[in-house]
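S.K.: All the letters of the sequence shown, read from the start, carry residue numbers 16 to 217 under this note's numbering.
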Amino acid sequence: MINVLVNFVTNVIGQVGYAGVFGLMLLESANIPIPSEAIMPFAGFLVARGDLNIWWVVLIGTLGNLVGSMLSYWVGATGGRTLIDKYGKYVRLNHHHLDLTEKWFAKYGESSVFFGRWMPVVRTFVSLPAGLAKMNFTKFSIYTFLGALPFCYLLTWIGYKLGQNWEQIRPYFHYLDLLVLFVVIIWLLNLLLKKRTKPVAN
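1. Would you report the Cα separation of asparagine 180 and isoleucine 157, rounded to the nearest angstrom?
2. Nearest by alpha-carbon distance to aspartate 114: which of Ala58, Thr139, Leu61 is it?
3. If you pair each beta-carbon of the region 69-89 with each one of the region 35-45, do three or more pairs fall below 8 angstroms?
4. Nearest to tyrosine 88 by CA position, among Thr159, Asn68, Leu169, Pro165, is which residue?
5. Beta-carbon separation of glycine 91 and leucine 147 under 9 angstroms?
6. Could you check which residue in Pro48, Phe129, Gly29 has the C-alpha nearest to that of leucine 164?
7. Rank Thr93, Pro56, Val19 by C-alpha distance to the C-alpha of isoleucine 173 and give the top, closest one.
8. Within 10 angstroms of the Cβ of asparagine 5, are there 16 or more other Cβ atoms? Answer buried if so, exposed if not.
9. Along the chain, where does the alpha helix (DSSP H) that runs through isoleucine 47 open and close?
10. My assumption, with CB atoms under 8 angstroms, is that cysteine 167 sits in contact with glycine 29. Please give the rounded CB distance.
11. Output the distance between the C-alpha atoms of leucine 67 and lysine 176, rounded to the nearest integer angstrom.
12. Could you please give the first and the last residue of the uninterrupted alpha helix (DSSP H) stretch that includes arginine 138?
13. Once you ignore the five residues that flank arginine 132 on each side, which residues in its own chain have a CB closer than 6 angstroms to its CB?
14. Please classify alanine 145 as buried or exposed, where buried requires at least 16 other C-beta atoms within 10 Å of its C-beta.
15. Buried or exposed, going by whether 16 or more other CB atoms sit within 10 Å of the CB of serine 126?
16. Return the chain-ordered list of same chain residues with a C-beta closer than 7 angstroms to the C-beta of phenylalanine 155, the five sequence neighbours on each side being excluded.
17. Less than 7 angstroms between C-beta atoms, sequence neighbours within five positions excluded: which residues of the same chain meet that for aspartate 78?
18. Just verifying my parser: in three-state terms, what is the DSSP assignment at lysine 122?
Written as C-alpha cells, this is what we have:
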C-alpha cells in the first residue's frame, strides 16, 4: 500500500509541481492517508534537480497543511464526533488514532495543535479534537501554520540533500518521523538555553 501511495505522490508532483504539493499536503492534513514523508522529500529532490524553488515548496506545503487542517477543524466543530464516527470509515480514518489524538489534546490543550504538527499520527488528526473543543479559530490557524512550517522545511531539506537517492528513506518513514521530532526538540532546547544564558541589559 505504501508503495502505491508513494508512486501516486511522485506522479502528481512530477506532473503539476507546486499545485501537487499543495493538494497532497491538504489531503494529508484533512485525514486522507497520504504520507507527508513522501510528499515533501520528493519535492526536495525536485528542488535539488532545479525544477522547483525550496522556499516556494516549503511555503506551499505549509499552506496546504493549513487549509487541510482547517477543513478537518470544521468537520469536528460542525459535525461533532457523530459525523466522524459515521463517515470516517470512508476516508480510512483510524478511530484508535483519533482516540489517541483526543487524549493528547485533552492533556496538553491548545499547545498540542502547535507541537502536534511534528508528532506521528497526532499531526494528522489533532485538528478534529481542536474543532470538537471549539478552539479559537484564529489561534488554531496561527498555531497550525507555525507548527507545520519547520516540519515542511525539514522534510524538504532532507529530500534536497538526498537528491536522486531520496527514495532510500522509503523503508524508514516511521523513523523519519522520530528524526523530525528529535531535531525539533534539540532546536527548541537550543533556543531555551540561549534565552536563559542571554546577558541581562543594565
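Glycine included, C-beta positions come from ideal geometry on N, C-alpha and C. None of these values were measured; they are calculated from a predicted model.
M.R.: The short version:
1. The C-alpha of asparagine 180 lies about 34 angstroms from the C-alpha of isoleucine 157.
2. Taking only the C-alpha atoms, the option nearest aspartate 114 is Thr139.
3. yes
4. Per the Cα distances, Thr159.
5. yes
6. Among Pro48, Phe129, Gly29, the Cα nearest to that of leucine 164 belongs to Phe129.
7. Pro56
8. The shown model of the chain, from 16 to 217, leaves out residue 5, and the question about it has no answer.
9. No alpha helix (DSSP H) contains isoleucine 47, which DSSP labels as neither H nor E.
10. In fact, because the Cβ distance is near 19 angstroms, the residues do not count as touching under 8 angstroms.
11. 14 angstroms
12. 137-140
13. Arg138, Gly162, Ala163, Phe166
14. Alanine 145 is buried by the Cβ-count criterion.
15. The residue in question, serine 126, is exposed, as its Cβ has fewer than 16 Cβ neighbours within 10 Å.
16. Tyr88, Val128, Ala145
17. According to the sequence shown, residue 78 is leucine rather than aspartate. Phe37, listed in sequence order.
18. helix
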